[in-house]
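For reference, the structure is listed below as structure tokens.
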Amino acid sequence: MGLKEIFSLVESELNEVNQHLIEYTRSDINLINDVSSYIINSGGKRIRVILTLLFAKLLSVDKKLAIKIASITELIHTATILHDDVVDDSSMRRGLPTANKKYNNPAAVLVGDFVYTRAFQLIAQFNDTDLMTLYTEAVNVISEGEVRQLVNLGDLTINEEKYFSVIYSKTARLFEVCCHAIALLKYPEDKNLQLQLAKFGSYLGTGFQIADDVIDYLSSKEESGKSRGDDLAEGKPTLPLIRLREVGNQDDKALVEDIIMQRKGVEVLDYVVERMQALNCFDYSMQRAYQEADKAKEIILSVETSNEKVKSALLELADLSVRRVA
């Protein structure tokens, strides 16, 4: 089963989510409408939406509720993008100028705040304390992850443990919420089962982010929609760079530490990629990504369902989330 077939399983619901995203971010203030519609219509994989909708089908959760949960999660993701691009001073995303470059930093930050509040207005409509707690805790963890990543810039003690802590917080936690929220609606009294099912999203999100960090080194702007080597330019210590320092020679270690401290890695991008390839840093990183995908698949395989097609789609989605690296 390929991405096209997976998409076809939730196409009508996905179209409804896209309509709701525009509707939910509508305002009397034109700038809010301009910025929010710009980022919402700028494309993107919508993988969190697809995950939520498939998971709802797997557990036979009401379609309207699933669409609302998917919309909430995507609004939160959209708000984080608006804020992240300001923090990272990013100029390109999905092949287009970032909102902060097209408009300005204050507009991106303030509209990001607005989108967050819209998401929580929608959550409040459920009148479910557990659901509200789930999302508020998740946004808190995501925010801490962003701060932790900021702190890690220039930190020569960065290691795999710290790296995985960051990507769980800033990426995997929202994937986890996609599944947890649906499981909560289906099994409101069974918290252990909710947590078990939520792990699918956590594992998938972790693998997704590792693959994304590899793509940053290997893909062109045309392929990834953003500038190649952005992480290196920022001195951001992702798994391939951490691995290079761990297994490289003294010159490699000195180079990595200089990149982390000086944040001028883009000047030596091609050489760094050459050394990473020579020392199998990308292979190692992708092996870790596939390990996460395999753990995610184990969760789905344990679920009893009459909808085997959706089950197969989720298994394939776990692989596709990391298989983006050629």
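Going left to right, the sequence shown walks through residues 226 to 551 as the numbering used here numbers them. Ideal placement from N, C-alpha and C gives every residue a C-beta, glycine not left out. Computed from a predicted structure; not experimentally measured.
Please report the straight-line C-alpha distance between A551 and L228, rounded to a whole angstrom.
Summary for A551: the model assigns pLDDT 44, below 50, so the residue's position carries little reliability; its value from the coordinates is reported in the next sentence. Each residue's alpha carbon lies about 16 Å from the other.
By DSSP, does L504 sit in helix, in strand, or in coil?
For L504, the three-state secondary structure derived from DSSP is coil.
Using only the alpha-carbon positions, how far apart do Y249 and R343 sit?
About 7 Å.
In angstroms with no decimal places, state the Cα-to-Cα distance between T305 and S368.
So the alpha carbons of these two residues sit roughly 9 Å apart.
Per the contact definition of three or more C-beta pairs closer than 8 Å, is the region 525 to 533 in contact with the region 281 to 295?
Judged by Cβ distances under 8 Å, the region 281 to 295 makes contact with the region 525 to 533, as three or more pairs qualify.
Whole angstroms are fine: how far does the CA of V312 sit from the CA of Y393?
Spanning the two alpha carbons is a distance of roughly 19 Å.
DSSP three-state assignment for L545, whether helix, strand or coil
Three-state DSSP puts L545 in a helix.
Buried or exposed by the 16-neighbour rule on C-beta atoms within 10 Å, applied to G379
With fewer than 16 Cβ atoms within 10 Å of its Cβ, G379 is classed as exposed.
Count the other CB atoms, across all protein chains shown, that sit within 10 Å of the CB of R251; report buried if there are 16 or more and exposed otherwise.
Classification of R251: exposed, given that the 10 Å Cβ count is below 16.
In three-state DSSP terms, what is R488?
Note: R488 maps to coil in three-state DSSP.
Compute the Euclidean distance between the alpha carbons of Y486 and G460, then round it to the nearest angstrom.
Checking the displayed sequence, the identity of residue 486 turns out to be Met instead of Tyr. Whole-angstrom Cα-Cα distance: 7 Å.
Excluding the 5 residues preceding and the 5 following A518 in the sequence, name in chain order all residues of the same chain whose CB lies nearer than 8 Å to its CB.
Y428, L429, G432, A543, D544, S546, V547.
Compute the distance between the beta-carbons of S510 and R468, then report whether it is under 9 Å.
S510 places its beta carbon less than 9 Å from that of R468.
Would you call the region 252 to 265 and the region 330 to 350 touching, i.e. three or more CB-CB distances under 8 Å?
Enough Cβ pairs lie closer than 8 Å, so yes.
Out of Y412, Q244, N243, L279, point me to the one whose CA is closest to S233's CA.
Nearest of Y412, Q244, N243, L279 to S233, Cα basis: L279.
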